[in-house]
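Chemist: Going by this note's numbering, the first residue of the sequence shown is number 1478, and it counts up by one from there.
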Amino acid sequence: MLRTHTCGELRPSHLDETVTLCGWVDRVRDHKGVIFIDLRDRWGKTQVVIGPDAPTNVMESARAARSEWVLSATGRVGRRPEGTTNPKLVTGEIEVVCSNLEILNEADTPVFQPGAMELPGEEVRLKNRWLDLRRTDMQNNLFLRSRIVKIMRDHFDELGFVDVETPMLGRSTPEGARDYLVPSRLEHGAFFALPQSPQLYKQLLMIAGLDRYVQVAKCFRDEDLRADRQPEFTQLDVEMSFVDAHDVTGVIESLVVKTAKDILDLDISLPLPQVTWTECMERYGHDAPDMRFGLEIVDLTEVTKNSDFRVFKSAVESGGRVRGILVSGAAEKFSRKDLDGLTAMAVEAGAKGLVWLKLDSSGSWTGPVAKNLGSDVAENIRQSLSAKPGDLALISADSFDVTCKTLHALRKHLGKELELYDENTMHVSWVIDFPMFARDEETGNWAAMHHP
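1. Classify D1815 as helix, strand or coil using the three-state DSSP reduction.
2. Taking M1717 as part of the alpha helix (DSSP H), name the residues at either end of that continuous run.
3. From K1882 to K1889, what does the alpha carbon distance come to, in whole angstroms?
4. Only counting the same chain, and skipping five residues up and downstream in sequence, which positions put a Cβ closer than 6 angstroms to that of K1695?
5. Is the Cβ-Cβ distance between T1523 and L1578 less than 8 angstroms?
6. Could you check where the beta strand (DSSP E) with Y1690 kicks off and where it finishes?
7. Is DSSP giving L1578 helix, strand or coil here?
8. Write down the C-beta distance between R1612 and P1591 rounded to the nearest angstrom, noting that I regard them as a contact closer than 8 angstroms.
9. Please state the DSSP three-state secondary structure of V1588.
10. I need the boundaries of the alpha helix (DSSP H) containing I1628, first residue and last residue.
11. Between G1840, L1732, V1574 and W1923, which has its C-alpha nearest E1635's C-alpha?
12. Kindly identify the DSSP beta-bridge partner or partners of S1873.
13. Quick check on this structure: which residue in R1698, A1685, R1504 and A1722 has the alpha carbon closest to the alpha carbon of A1542?
14. In this structure, how does DSSP classify G1892 when only helix, strand and coil are distinguished?
15. Please give me, in chain order, every unbroken run of the alpha helix (DSSP H) with length at least 4 that falls completely inside the stretch 1656 to 1687.
16. Does the structure place the stretch 1869 to 1881 close enough to the stretch 1748 to 1763 that three or more beta carbon pairs sit under 8 angstroms?
17. Among V1496, P1529, D1493 and G1521, which one has its Cα closest to the Cα of K1509?
18. Looking only at its own chain, which residues have a Cβ that is under 6 angstroms from the Cβ of V1715, when we skip the five neighbours before and after it?
19. Taking DSSP's pairing of strands, which residues face A1915 in a bridge?
20. On the criterion of 16 or more Cβ atoms from any shown chain inside 10 Å, does R1517 qualify as buried, or is it exposed?
21. Do you know how far the Cα of G1806 is from the Cα of P1929?
22. Under 8 angstroms: do the stretch 1847 to 1864 and the stretch 1777 to 1788 share three or more Cβ pairs, one atom per stretch?
23. Exposed or buried, V1626, counting other C-beta atoms within 10 Å across all chains shown (16 or more means buried)?
24. Hey, could you find the ends of the beta strand (DSSP E) W1607 is sitting in?
25. Quick one: is A1864 buried, meaning 16 or more other Cβ sit within 10 Å of its Cβ, or exposed?
26. On a CA-only basis, which of G1552, T1551 and V1526 is nearest R1540? Give me that one, please.
27. Are the Cβ atoms of A1443 and A1886 separated by less than 8 angstroms?
28. Buried or exposed: P1845, going by 16 or more other Cβ atoms within 10 Å of its Cβ?
29. Less than 8 angstroms between the C-beta atoms of D1656 and L1671, yes or no?
30. Sort out for me which residues DSSP pairs A1550 with in a bridge.
31. Would you call the stretch 1582 to 1596 and the stretch 1543 to 1551 touching, i.e. three or more CB-CB distances under 8 angstroms?
32. L1498 and R1480 - do their beta-carbons sit closer together than 8 angstroms?
33. Return the residue from the list I1740, D1817, R1648 and T1561 that minimises the CA-CA distance to A1667.
34. Taking all protein chains shown into account, do 16 or more other C-beta atoms lie within 10 angstroms of the C-beta of T1902, making it buried, or fewer, making it exposed?
35. Closest to I1684 by C-alpha separation, out of S1674, F1719, F1669 and R1698, would be which residue?
36. Between P1675 and the rest of its own chain, which residues show a CB-CB distance below 7 angstroms, the 5 nearest in sequence each way excluded?
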């Protein structure tokens, strides 16, 4: 081993021990001839001290060291002088008085510092991914994922599941998106398809009698990228024989409870509530909504169907819907510029625009289109939304699908922007009764909605 300890391991109990650490230079400071190097690895940081009495070659190496160089430092563990301890570090009470310093690898000046408070944009970070992955937040994400996967595998192993790795190259099957195709070298004109899910393989395993199968499966979907859509992704894939729906939900619920407790120390009550797909789309505009806060969608189609306002009238006449959300007490919080930003967000989600209304102290709606509503329709909207003076209404009039996408995007943004929920809490529910198929917008053909 090139090192005896990690950079996050040493404590006062190691005083006077001779140790060797390996890591990256996080920071170098020269204080009146004494050089301090913060050496970093995935476990933490340790301060290495090179004093004026250090060997000449050690002092030369210390003075040459720069940010992100890789060093090996050997020395005696000492207690930091009084007043210089760092309570922010688990190693903050000690330092390593260096007697030997070896430069394992030099480095060019980094594009950005992994520990910097202000980071460059995502494009720069992705182009320098190796450097980005040195950041504590990024490494913590990988550690967390590793812990979660271990908990899942242990859980299913205890329940008698067999972990099977299924093939990546297979035949194309109609699922929820386009396939990624891989040309065959041996069969000219023939192609393999990368799996959108291991559907065929796990069914073969059930036919073969394996009874209970699980896999942390890599899947591929050739579709437009969004915040929650990537060309390749990993899913927990489960299949069981000789069970009913209650058995399946029981296995998954116990996994959710165990993971939430072990990772987040959260207690989740069972059984989990169940919400139908239709109810989710009507109330939240999405099949995987955040239920930690309100801002539920209200259908205004019936109360606006006799409106002369062109936007509402054309939507209703074409078979669409008029739907809105009420943001309580937000009328004064949102300037015209803010509302223009929400409108742009609605357009990005597919809408032609966004109707916004503020209820003033007299109980009347104000806004660019308020005068076009008519008194009856305006009052009907107020009553349907249970609006009070100072409230803000955001209304989308379009096809059901577009109003769902629009109001979901606004709801998600406002929930975070207005801090309507505690990020340290969870609200877990089953969404049931999904439609099996939907019309493909491009071809007009029926296509499976969720595989996966």
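A virtual CB, placed ideally from N, CA and C, is assigned to each residue, including glycine. Please read all numbers here as calculations on a predicted model, not as lab measurements.
Modeler: Let me spell this out:
1. As a first step, residue 1815 is located in the sequence shown; it is residue number 338 there, counting from the start. Here D1815 sits in helix by DSSP.
2. Taking the first residue of the sequence shown as position 1, residue 1717 is located at position 240. Going by DSSP, M1717 is part of no alpha helix (DSSP H) but of the beta strand (DSSP E) stretching over E1709 to M1717.
3. Reading the sequence shown from its first residue, position 405 is the one you call residue 1882. Reading the sequence shown from its first residue, position 412 is the one you call residue 1889. Cα-Cα distance, rounded: 11 angstroms.
4. For the purposes of this step, residue 1695 is taken as the residue at position 218 of the sequence shown. The residues are T1711.
5. In the sequence shown, residue 1523 corresponds to position 46, counting from 1. In the sequence shown, residue 1578 corresponds to position 101, counting from 1. With respect to L1578, T1523 sits apart: the two C-beta atoms are not nearer than 8 angstroms.
6. Translated into the one-based positions of the sequence shown, residue 1690 becomes position 213. Where Y1690 is concerned, the enclosing beta strand (DSSP E) stretches over R1689 to F1697.
7. Locating residue 1578 in the sequence shown gives position 101, where the first residue counts as 1. Looking at L1578 - three-state DSSP - the assignment turns out to be strand.
8. On the sequence shown, residue 1612 is found 135 positions in, with the first residue counted as 1. On the sequence shown, residue 1591 is found 114 positions in, with the first residue counted as 1. Contact flag correct, Cβ pair sits at about 5 angstroms.
9. Walking along the sequence shown from the start, residue 1588 turns up at place 111. DSSP, read as helix, strand or coil, puts V1588 in coil.
10. To locate residue 1628, count along the sequence shown from 1; it is residue 151. Segment T1613 to E1635, the alpha helix (DSSP H) holding I1628.
11. Working through the sequence shown from its first residue, we reach residue 1635 at position 158. Cα-wise, what sits closest to E1635 is L1732.
12. Your numbering for residue 1873 matches position 396 in the sequence shown. According to DSSP, which records beta bridges pairwise, S1873 is partnered with R1800.
13. In the sequence shown, counting from the first residue as 1, residue 1542 sits at position 65. Among R1698, A1685, R1504 and A1722, the Cα nearest to that of A1542 belongs to R1504.
14. What you label residue 1892 is simply residue 415 of the sequence shown in a count that begins at 1. The DSSP-derived three-state label of G1892 is helix.
15. Counting only runs of 4 or more, we get 1676 to 1684.
16. Contact holds: three or more Cβ-Cβ distances are below 8 angstroms.
17. Position 32 of the sequence shown, counted from the first residue, corresponds to residue 1509. Cα-wise, what sits closest to K1509 is P1529.
18. Translated into the one-based positions of the sequence shown, residue 1715 becomes position 238. Excluding sequence neighbours, V1715 sits near V1691.
19. Start at 1 with the first residue of the sequence shown, and residue 1915 comes out as number 438. Answer is A1924.
20. Translated into positions along the sequence shown, residue 1517 becomes position 40. Counting Cβ neighbours within 10 Å, R1517 comes out buried, since at least 16 surround it.
21. Along the sequence shown, read from residue 1 onward, the residue named residue 1929 stands at position 452. Along the sequence shown, read from residue 1 onward, the residue named residue 1806 stands at position 329. Reliability of the predicted coordinates at P1929 is poor, the pLDDT of 46 falling under 50, and the value obtained from them is presented with this limitation in mind. The alpha-carbon atoms of P1929 and G1806 are separated by roughly 40 angstroms.
22. Touching, yes.
23. One-based indexing of the sequence shown puts residue 1626 at position 149. Looking at its Cβ environment, which holds fewer than 16 other Cβ atoms inside 10 Å, V1626 is exposed.
24. As a first step, residue 1607 must be located in the sequence shown, where it is residue number 130. That residue, W1607, is in no beta strand (DSSP E); its alpha helix (DSSP H) goes R1606 to D1609.
25. Position 387 of the sequence shown, counted from the start, is the residue given in the question as residue 1864. Classification for A1864: buried.
26. In the sequence shown, counting from the first residue as 1, residue 1540 sits at position 63. When each option's Cα is compared against that of R1540, the closest is V1526.
27. As shown, the chain starts at 1478 and ends at 1929. That puts residue 1443 outside it, with no answer to give.
28. Position 368 of the sequence shown, counting from 1, holds the residue named residue 1845. Around the Cβ of P1845, a 10 Å sphere holds fewer than 16 other Cβ atoms; the residue is exposed.
29. Reading the sequence shown from its first residue, position 179 is the one you call residue 1656. Reading the sequence shown from its first residue, position 194 is the one you call residue 1671. Yes. Within cutoff.
30. On the sequence shown, residue 1550 is found 73 positions in, with the first residue counted as 1. Answer is L1498 and L1578.
31. The stretch 1582 to 1596 is in contact with the stretch 1543 to 1551.
32. Within the sequence shown, numbered from 1, the residue matching residue 1480 stands at position 3. Within the sequence shown, numbered from 1, the residue matching residue 1498 stands at position 21. Yes, they are a contact pair.
33. Indexing the sequence shown from 1 puts residue 1667 at position 190. Comparing C-alpha distances from A1667 to each of I1740, D1817, R1648 and T1561 shows the shortest one belongs to R1648.
34. On the sequence shown, position 425 is the one that residue 1902 refers to. By the neighbour-count rule (16 or more Cβ atoms within 10 Å), T1902 is not buried but exposed.
35. Counting from one through the sequence shown, the residue named residue 1684 turns up at place 207. When each option's Cα is compared against that of I1684, the closest is F1719.
36. Walking along the sequence shown from the start, residue 1675 turns up at place 198. Shown here for P1675: same chain residues with a beta carbon closer than 7 angstroms to its own, the five before and five after excluded, namely T1643, Q1692, A1694 and D1714 in chain order.
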